[in-house]
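Here the structure comes first, spelled out in structure tokens, and everything after it is commentary.
Numbering (the numbering used here), first residue to last: 265 to 538.
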């Protein structure tokens, strides 16, 4: 089980969250579930290294020996529970916080889980007052409609503290994207690698370092050794570009005639001239 969790984390979670961190876009639970379903379909259709068989095909064979579960099995899933709305217009469920309209501060609401969503209702009327996607323990799901106005957008950029970090971030957005990507892949040597990168900038020039960082971010390479390799390769490396628009031309039309017009007269059916 631990090996499976590690495989899913390295092959599914880390690339997906790295892409989201670089793009600066949040990834909601529904999108994660869609990517996980597609990933499961891909790996279950390939030969497994341990059983030397395709899991989807092996499951079809194993179904013939599977038996029905006992009728007195444990109930799966949580039923309706009551929660009191606190002064922040939130309730706690599953060690997470969910917002409700401010008019319900101090009141009690019913919480029901339905298909991956948390539905909050007024117990007396059964009216739905809020609906959230389930989030993990310690996380918060806040809807701006429940408050007077929208929350200010959080700053997800790096916060330099040391002089070396401030000098590196002063290189521009390429340096900040590089730091975000390095943190997303779990690079624990950022402090020493920033010093290495600044040394590369002093040796090759600031603009060359910025160009190398831009290329490293484009190819998802977030270590100082990768930037060094890009600088060593020089400026003659290929520069991939996205595909352009389709070229549509109005070509002139030419008159055509039947192939019978090119038939040689006086030729018999056996191909000899008459």
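All C-beta atoms, glycine included, are put in the ideal place defined by N, C-alpha and C.
Query	Result
Cβ contact check for the region 355-371 and the region 385-402: 3 or more pairs under 8 angstroms	yes
With 16 other Cβ atoms within 10 Å as the buried cut-off, status of residue 354	buried
Top-ranked residue by Cα proximity to residue 377, from 507, 320, 510 and 346	346
Per DSSP, the bridge partner or partners of residue 360	357
Segment contact, 8 angstroms Cβ cut-off, at least three pairs: the region 450-460 with the region 479-491	yes
Option in 494, 445, 441 and 447 with minimal Cα separation from residue 464	494
Cut-off 7 angstroms between Cβ atoms - residues of its own chain near residue 304, not counting five sequence neighbours on either side	none
Inter-residue Cα distance where the pair is residue 275 and residue 388	47 angstroms
Outcome for residue 341 when other beta-carbon atoms lying within 10 angstroms are tallied against a minimum of 16	For residue 341, the predicted structure reports a pLDDT of 47, less than 50, and the residue's modelled location is therefore unreliable. The matter cannot be settled from this model.
Closest Cα partner of residue 403 within the set 518, 292 and 439	292
Pairwise C-alpha distance: residue 327 and residue 333	13 angstroms
Exposed unless 16 or more other CB atoms sit within 10 angstroms - verdict on residue 471	exposed
Residues bridged to residue 347 [DSSP beta-bridge criterion]	373
Best match in 425, 448 and 379 for proximity to residue 281 [C-alpha to C-alpha]	448
For residue 286, the three-state DSSP class (helix, strand or coil)	helix
Per-residue burial, residue 339 [other beta carbons within 10 Å of its own, 16 or more giving buried]	Unreliable positioning characterises residue 339 in this predicted model, as indicated by a pLDDT of 47, which lies under 50. The coordinate reading is nonetheless provided below. Classification for residue 339: exposed.
Nearest candidate by alpha-carbon position, reference residue 421, set 278, 277 and 286	286
Per-residue burial, residue 479 [other beta carbons within 10 Å of its own, 16 or more giving buried]	buried
Close Cβ partners of residue 356 (< 6 angstroms) along its chain, the five nearest in sequence each way excluded	none
Proximity below 8 angstroms, CB of residue 351 to CB of residue 369	yes
Residues of its chain near residue 432, where Cβ-Cβ distance is below 8 angstroms and the 5 sequence neighbours each way are ignored	424, 439, 443, 458, 461 and 462
Helix, strand or coil at residue 281 according to DSSP, with G and I counted as helix	helix
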